[in-house]
Structures are given as structure tokens and as C-alpha cells.
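Shown next, in C-alpha cells, is the structure this report addresses.
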């Protein structure tokens, strides 16, 4: 008889997440009640934000409870349905979490079109990371044609879209990424104007070299020292979009604050945080626009797909070691 | 024969400014050429920003050169004039610096009306500190009626105006100041809704107590730990105006960055720097509005006036020890 493999949070991690912070259980596949439907998970999204969800702290979303299935965005297939809006065979995006099967009443679930784009793209460029990039850059960053845009985590799911959209908007775009392979990728494949390899280059000097007039928009995914280097190179009236701080997520102590924050004063600059959920009502508009750009070849989407729900922890770790290229996805079922 | 006593920068201070970083010279009183006029300095403005002007670093204004008269805003009287716009006997605001006499061609000089307000007020509420408060609060902070506004340095020249203008705009206003006397003053004299004594109270608990729903607008004059406490208590969509960081100005090492800056992300909040010079074209409007409020008794201006140009260093130090109440002014000549 089929079982539902689930990855649950066993204990709250301190610093780096350990394999023992998860428990893997096999439970019966749930049955949909009236108005509900059963989803088989196919692709699970792995996101840096997951680390924050594990902390018992006030944040933009409630922490994952001990003993609960780990939260994750997913793309799956409807297998049984008692809900008129979702038919058997539909592909859907939901927050089913790290498990093979789930039941939903349709709340926060939407169908995706497997003919328009490969399913993993709906977890990347046409999903939360893409929307984060789109709204964070355009609404918070407000880039103007000819301005210089710097983005960290530039080869990642969010950063790669930020840079490409900024290029579409007529900006000069410099990316910060880890290692020569990623740097080559963002320049040669994605059309960035320059790349700084934070693992091998001096980031401060790299910014000086590629942004001699300073930075108009900095889209920050990493925090830490790189944020400080960006602050030290702002242009008058610059905007910083704070999207994440992956360099700080596993700190056991306090995170490191940006010691150059007074550059905001000197340069009359602005630093603003963003959470993609605030733009939910406009996701459709963004998806349509980005789908169009993908169709026209202006926007490339890259997913790095690993397989097997039992490999969740090992795949998750790639977010922090950087051993992945583009959007990190775990495949746990067949299309 | 009369002489012009001048305070010049003798050496660049590292950390706290020492008396030996200044030299006091007596030089001949200058003679105005064609189009120029001679100003006798009466009041000299002492401002925390002065510390920044002493550093040889890129900032919003060039550093004071070694051997140059120390920069300062001043109110003085025209004694001789070869300029049609300025007549003998006019009182004028200028950046004459820390000296008894200066010559000007009228650039960046404006007359002030001794009948409308006491002359020292033109260095405080009706001068740069008042304009800084007015534009920083209203343009960067964007307070709305019923919102909670927190201001540090609340008994100072800028903070006291920020709080009073926020009250006029219908906000709940909490001030952070050093010592029971200042705290009593801002509540009982200026009408703040609450005061936190950072020298004797736990600031974090004080904010929790007085701002139970969190902070909508934080106007920061001090930086350091207090900025972090404010960040930890933001409301959704909060705005932080970065006006200064007096707690950090005398640091010999790097300044301390706000470790809680990711609260900007969680709360979709915004932190923006401001420099009053950007609003120069609207100074007149602000002066008129604040003069009106002063006339109506809604806005109180307090200056703490010390005397004698030879006491410049000792008076300047009061900015950092907090031994002053309201706008700090040095009187160096008779009205």
C-alpha cells in the first residue's frame, strides 16, 4: 500500500541545520473531504528563507512548529478532487510542504500551465523567487534607464532575474556571485555587464572597478560584508532593496549590522525591506510579463533539479554552500 | 586697535577633540571690497555635525582644512557695507565660522528679523536644526495622524522640534533624552506623551512600555544601541529618518552598525538618510510655518547660550556630554 513520506521538523536548529533536526516519517496518504482535493507533490522549492522559518522568532510568517511538516512551495498534480475549481490531472502551485501527498481546500493554490513553461520554472522565475526579483527591483529599487544596478546572489533564483530585468530596463548590471563558473554564467549566458567573484576577488575593489560612478540600486540577498561594500559605494539618492541576508542566517549570535549605514545619510539614500507576499494581488501581472520576456528570449530561467525526498537535507544545504546554479528544486514525484 | 579673534583647526582629531586640536589667533579685522560687507559675529551655532566636518573623509560637505577657521553657522550684524542688499545694522545669518569678524559677498547669507524672534532662535528652531527637524520628519518620516513617533536626542535642537511638530500633526510622541531634567522638560514643557531616560532607564523596555503597538516613525539623531532598540520595535511599514549618529562620531574605530537592520525586511520598513541642505529652496516656507506655530504658542524654542569665543572648545564639548538644554549657542559679541 502507498505511503506518504513526510519531512518534519524534529528540533529547532541552532546555527547550521543538522540532519537530526529533521525526522522522516511514512504516514497514510490523506483522503480529501468535501470541497477538497489530493495533490501529489512533484517539485519542491528550496529557498534561503526556509532557514528563517525554523527560528522561533517574530517574523513575517509564523515559524514552522516542532513536529510539523516542513513548509515549502511546491508544484504538484491533482490526483482526486471534490472541488470544482481543481480537476484531476491539473498541475498546481501550493505550499504543500516537504511531503509526497497533501490535501487542500484550494486556499492559496493556483493552477500552472505545463505547456507554457517547464514545471520547475513555476518555483523559480515564474514563482516566488521571480516575483520577489520583479517587485523588489521595480517597486523598491525603482531603476531608471542608464543607472547602475548591483545584485548579490546574482546566479541564484532571485538574483539572476533581478539582473536580467534590470538589463531589460536599460540599466548597467553588475552581479556578485561565488566562483568563476557562476560569474561566467551571469555574464555570458544572462548578459550582465560584469561579475565579481566574492570567493576569489576583492569585492570592494570589484565594485570600484565595475561601478566607477557608484551604485544607484543595490539588491541585497546576502547581507554581511558585501552589504557594507555596497553601502561604501552608493551614488547620491541610491536605493537598497533588502531581500535577504543569507550570509547571516546560520549565525548563532547576533547578526552583523552594516557599519557603513551612515552612507545612507551622506548620500541621501534609502534602504527598504521587502516581502513578496505584499505583492500577491499583482503576481498574475508579473507572471504574464515575465512569461512574455521568456518567450522573447530576453529572460532565461535556470533550475537545478535534484531528486528524492530522502535527499531533502543534503539538497537544502546546497543553498548555503552555494553548490547549485540557478533555482534549487527537489523532484519527489513523476510528472 | 581692534582685532579679529579666530578659532582655527590646528590638527585633525582622532576620537574625542582635544583643546590642542584648535589654535586661537588674533588677526586684523578684514576690510570689505567692492560688493562686500563686514559682519560682526554675535552668536555661533554649535552642532553635532561639526565633528564630521573635522574628518578627512568623503561626506556631504568638504572637511575643514587644517589652518582654516572652524566652520559654523552664525548670526551677526552688518558693520560696513559695499553691497546694496545688506545695510549697516542688518542682522544676518551666515556661515561666518568661529571668529569675531568676517567679510562676505552675500552668498548664502540672509537677513533675520530681531523683532520677530530672539536672534539665537535663528540658529535653532528657525535655523538649520529647525529645518532639519521639519523636513526630516515631514518629508522622510511622513507621519500620519494617530501614528507613534519616537525621537532620540529629544531635548536637543533638532529632536525637540521633531517632537513638537509631530504633536502638531496629531501623533503620539515619545522622546529619548539623557537625565531626568531633560525628560521632565520634554513632557511637561514641550508636551511629549512620554520620555525615556537613556542614562537611567532600559531603553528597550521603555519603548515597549510607551509604544506598545510599535513605532511608525523613528527620527534618529544618535545611532548605536538606541537605533537597534528602535529597529526591534518597528511597526509594519515604519519609516526611519537617519539624521545623525552622535553616539558614534567620536569612535576611533569603525562605527557600530545596526544589527537589527533585518527588521526592515520583516516589517517592510524604510530607513533613509537626510541632509537639510537638500531642502534649501523651501527654508522660507518652513521658517514661515514654524514662526507661525511659535507665535501661536504651539512650538517652543529653547536656546542654551554660553559666552566668550575663548570658551569655544569647552562649549563644543557639551554637545557630546549632553550638558546643555535645547540649542547650544555661543555668544561672542553684543547685539
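Protein chains in written order, with our numbering: chain A, 559 to 893; chain B, 559 to 893.
Beta carbons: idealized from backbone N, C-alpha and C, even for Gly.
The structure displayed is predicted, hence computed values, not measured ones.
Which listed residue (the options) has its alpha carbon closest to that of residue i
| i | options | result |
| --- | --- | --- |
| residue 587/B | 658/B, 642/B and 668/B | 658/B |
| residue 609/B | 575/B, 598/B and 767/B | 575/B |
| residue 834/A | 616/A, 697/A and 871/A | 697/A |
| residue 626/A | 663/A, 591/A and 569/A | 569/A |
| residue 719/A | 736/A, 703/A and 747/A | 747/A |
| residue 726/A | 600/A, 560/A, 850/A and 860/A | 850/A |
| residue 705/B | 770/B, 674/B and 672/B | 770/B |
| residue 823/B | 690/A, 874/A, 859/A and 792/A | 690/A |
| residue 773/B | 749/B, 799/B and 755/B | 799/B |
| residue 893/A | 652/A, 806/A, 789/A and 598/A | 598/A |
| residue 713/B | 734/B, 873/B and 765/B | 734/B |
| residue 623/A | 638/A, 579/A and 862/A | 579/A |
| residue 680/B | 699/B, 567/B and 650/B | 650/B |
| residue 737/A | 710/A, 723/A and 591/A | 710/A |
| residue 583/A | 573/A, 684/A and 565/A | 565/A |
| residue 768/B | 692/B, 717/B, 573/B and 708/B | 708/B |
| residue 676/B | 863/B, 882/B, 867/B and 880/B | 863/B |
| residue 777/A | 865/A, 612/A, 663/A and 830/A | 830/A |
| residue 749/A | 600/A, 728/A and 764/A | 728/A |
| residue 809/B | 613/B, 560/B and 605/B | 613/B |
For residue i, the three-state DSSP class (helix, strand or coil)
| i | result |
| --- | --- |
| residue 738/A | helix |
| residue 812/A | coil |
| residue 595/A | strand |
| residue 864/B | strand |
| residue 529/B | Lying before the first or after the last residue shown, residue 529/B is absent from chain B, which here runs from 559 to 893. |
| residue 600/B | strand |
| residue 648/A | coil |
| residue 806/B | helix |
| residue 690/B | helix |
| residue 679/B | helix |
| residue 626/B | coil |
| residue 733/B | strand |
| residue 710/A | strand |
| residue 819/A | coil |
| residue 837/B | helix |
| residue 684/B | coil |
| residue 695/A | helix |
Alpha helix (DSSP H) segment containing residue i, residue limits
| i | result |
| --- | --- |
| residue 608/B | 607-611 |
| residue 587/B | Residue 587/B -> no alpha helix (DSSP H), and no H or E assigned at all. |
| residue 844/B | 841-853 |
| residue 784/A | 782-789 |
| residue 876/A | 870-879 |
| residue 569/A | Taken as a continuous stretch (DSSP letters only), residue 569/A belongs to no alpha helix (DSSP H), as it is neither H nor E. |
| residue 766/B | 761-768 |
For residue i, the first and last residue of its enclosing beta strand (DSSP E)
| i | result |
| --- | --- |
| residue 721/A | First-last for residue 721/A: 715-726, but that is the alpha helix (DSSP H), not the beta strand (DSSP E). |
| residue 752/A | 752-755 |
| residue 637/A | 632-639 |
| residue 777/A | 773-778 |
| residue 662/B | 659-662 |
| residue 704/B | It is not in any beta strand (DSSP E) - residue 704/B carries neither H nor E in the DSSP assignment. |
| residue 748/A | First-last for residue 748/A: undefined, no H or E at that position. |
| residue 619/A | First-last for residue 619/A: undefined, no H or E at that position. |
| residue 792/B | 792-800 |
Inter-residue CB distance, residue i and residue j (contact presumed, cutoff 8 Å)
| i | j | result |
| --- | --- | --- |
| residue 701/A | residue 695/A | 6 Å |
| residue 636/A | residue 594/A | Wrong, their Cβ atoms sit about 11 Å apart, outside the cutoff. |
| residue 804/A | residue 870/A | Wrong, their Cβ atoms sit about 18 Å apart, outside the cutoff. |
| residue 634/B | residue 603/B | With 8 Å as the limit, residue 634/B and residue 603/B do not qualify as a contact, their Cβ atoms being about 12 Å apart. |
| residue 802/A | residue 607/A | 7 Å |
| residue 891/B | residue 860/B | That belief does not hold up - the Cβ atoms of residue 891/B and residue 860/B are roughly 22 Å apart, past 8 Å. |
| residue 876/A | residue 888/A | Not a contact, Cβ separation roughly 10 Å. |
| residue 682/A | residue 654/A | Not quite, the Cβ-Cβ distance comes to about 17 Å (not below 8 Å), so this is no contact. |
| residue 755/B | residue 730/B | No, residue 755/B and residue 730/B are not in contact; Cβ-Cβ is about 19 Å, not under 8 Å. |
| residue 596/B | residue 638/B | 4 Å |
| residue 827/A | residue 796/A | 4 Å |
| residue 813/A | residue 656/A | So it is not a contact: roughly 26 Å between Cβ atoms. |
| residue 717/A | residue 779/A | 6 Å |
Residue i beta carbon near the ligand ADP (any heavy atom closer than 7 Å)
| i | result |
| --- | --- |
| residue 821/B | Looking at this structure, you won't find the ligand ADP or any other ligand, since it has none at all. |
Does the region 666-676 of chain A come close enough to the region 642-656 of chain A to have 3 or more Cβ pairs within less than 8 Å? By the Cβ rule, the region 666-676 of chain A counts as touching the region 642-656 of chain A, because three or more pairs are nearer than 8 Å.
Any contact of the region 755-766 of chain A with the region 729-742 of chain A, i.e. 3+ C-beta pairs under 8 Å? Inter-segment contact for the region 755-766 of chain A and the region 729-742 of chain A is present: three or more beta-carbon pairs are separated by less than 8 Å.
Listed in chain order, which residues of the region 761-784 of chain B have Cβ atoms closer than 8 Å to some Cβ of chain D? Looking for chain D here will not work: the only protein chains present are A and B.
Could you tell me whether the region 837-846 of chain B touches the region 841-849 of chain A, using the rule of 3 or more Cβ pairs below 8 Å? Judged by Cβ distances under 8 Å, the region 837-846 of chain B makes no contact with the region 841-849 of chain A, as fewer than three pairs qualify.
Cβ contact check for the region 809-827 of chain B and the region 851-870 of chain B: 3 or more pairs under 8 Å: Touching, no, given that fewer than three Cβ pairs across the two stretches are closer than 8 Å.
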